[in-house]
Structures are given as structure tokens and as C-alpha cells.
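Trainee: Numbering (our numbering), first residue to last: -10 to 146.
Structure below.
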């Protein structure tokens, strides 16, 4: 595991810098989605953002599936070799007060494309029906012309 070796080496450098510069080391986690089962949705969103197909082999993707918000127990396990980073993390949490406040009513304007699917289907079906009816009338007119010409030929004989 080449990646694991680099991670350990980087970790040791960061700990050295922390000690030399007297800057506390803090346990953090890279988060791209809230729960472990959010990987697939995040992957789809990345495809949408980059305009790529989900099955494309050359597209950008996060290779790590663990980029979710970790529980305290998971963080303790991940940073068990660096307990001072957990302590620094907890000190920061205690010194900061933050609360997510959800707005009472979130109003997001809906583009026309996001109308009721039944309406869209009805509109498209009606539009196609109009096209087909025009085509049918055109065919019927052409058939009438052909029959008229045949009748004329028959009468001329």
C-alpha cells in the first residue's frame, strides 16, 4: 500500500511541524456527504457537475468512499495514535458556538422544466398528436390526388 506509506510519512512531518512551531495538531475529517451511504449520490452529483456519464471510465471520481461526517467513536479510532489532536479538536468545539438554523420556509423558484410531470407528458403527447394528424392529412390528400389521377385515366380510356 504505497498510499498508506505516504500518509504515514506526511503525518509524521505534520506532527514535527506542530511540535517545532508550537501549533496544536487538530483532528479533522474531509467530508463531502453526511452519511456513509451518501457516496453514490455524491458520485452522481460529481458527474452532473462535470457533465460526465456515470459509467465513463475516464471521468473524475473520488476513489475513497469514506468522505462522510464521522461519529466521535470513528474519529477516536482514526486518531488513536495522535490523542493530542482529539484533545485540540474538543477544545475548539468547546470554544465555538454554532447552530444551524433552518429557515421557516425555503422558497426556491422552480424552473418551467420542473412542472408537474403529468402536464409535461400531456403537452408533449398533444404536440406530437398535432404533428401526426397533419402528416395523416397530408397522406390522405396525396392518396386522394392519386385516386383522382387514376379515375381520370380510367375515364379517358
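All C-beta atoms, glycine included, are put in the ideal place defined by N, C-alpha and C.
This structure is a prediction, so every number in the text was calculated from the model and none was measured.
Who are residue 22's beta bridge partners in DSSP?
Mentor: Counting from 1 along the chain shown, the entry for residue 22 is found at position 33. Per DSSP, 57.
Trainee: Hey, could you find the ends of the alpha helix (DSSP H) residue 84 is sitting in?
Mentor: To locate residue 84, count along the chain shown from 1; it is residue 95. Unbroken alpha helix (DSSP H) run through residue 84: 72 to 84.
Trainee: Apart from the five residues on each side of it in sequence, which residues of its chain come closer than 8 Å, Cβ to Cβ, to residue 73?
Mentor: Stepping through the chain shown from its first residue, residue 73 is reached at position 84. Taken in chain order, the residues that qualify are 13, 14.
Trainee: Taking only three categories from DSSP, how would you classify residue 10?
Mentor: For the purposes of this step, residue 10 is taken as residue 21 along the chain shown, with counting starting at 1. Here residue 10 sits in coil by DSSP.
Trainee: Are the stretch 67 to 86 and the stretch -3 to 17 touching by the rule of at least three beta carbon pairs closer than 8 Å?
Mentor: Yes, the stretch 67 to 86 touches the stretch -3 to 17.
Trainee: Among the residues of its own chain, which have a CB less than 8 Å from the CB of residue 159, if the five just before and after it don't count?
Mentor: Past the edges of the chain, shown from -10 to 146, lies residue 159, and the structure says nothing about it.
Trainee: Can you give me the C-alpha to C-alpha distance between residue 138 and residue 126, rounded to a whole angstrom?
Mentor: Taking the chain shown and counting its residues from 1, one reaches residue 138 at position 149. Taking the chain shown and counting its residues from 1, one reaches residue 126 at position 137. Answer to the nearest angstrom: the Cα atoms are 18 Å apart.
Trainee: Buried or exposed, going by whether 16 or more other CB atoms sit within 10 Å of the CB of residue 6?
Mentor: If you number the chain shown from 1, residue 6 lands on position 17. So residue 6 counts as exposed.
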